[in-house]
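Data block below; observations after.
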Amino acid sequence: MKATTKYNLSKIMKNAWYLKRANTSMSFSACLKKAWRNEKLAIMTAKIENRPTEQPKATEYRPELLIVPADYYGNSRTYYGD
């Protein structure tokens, strides 16, 4: 069974839109095909050069950022204005 590679679809779409803006005479489908080809080539060259492919950065858990508005406003039946 062949192992599948996860592609960063957001990066591919951004690359396709960049190509479209850079070359307006090119159709968007051609830009998308070129963006996919670029991404596959980047992964293939990374494997050939024995370097790791781009991995998404792991986010750390920070509970101080989870302050909900109910804690800020206090009593939920009080109007605080806009």
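Offset between the sequence shown (1-based) and our numbering: plus 1360.
Virtual Cβ for every residue (Gly too), placed ideally from N, Cα, C.
Check: C-beta neighbour in chain B for Arg1422, strict 7 angstroms; Outcome: No chain B is present in this structure, which holds just one protein chain.
Check: Cβ distance (whole Å) where Ala1376 is taken to contact Leu1401 below 8 angstroms; Outcome: Their Cβ separation, rounded to whole angstroms, is 15 angstroms, which puts Ala1376 and Leu1401 out of contact at 8 angstroms.
Check: Buried or exposed by the 16-neighbour rule on C-beta atoms within 10 Å, applied to Ala1395; Outcome: buried
Check: Distance, Leu1426 Cα to Met1373 Cα; Outcome: 31 angstroms
Check: Distance CB(Tyr1367)-CB(Glu1409) smaller than 7 angstroms; Outcome: no
Check: Three-state secondary structure (DSSP) of Asn1410; Outcome: coil
Check: Proximity winner among Ala1390, Glu1424, Met1404, Pro1423, relative to Thr1364 (alpha-carbon distances); Outcome: Met1404
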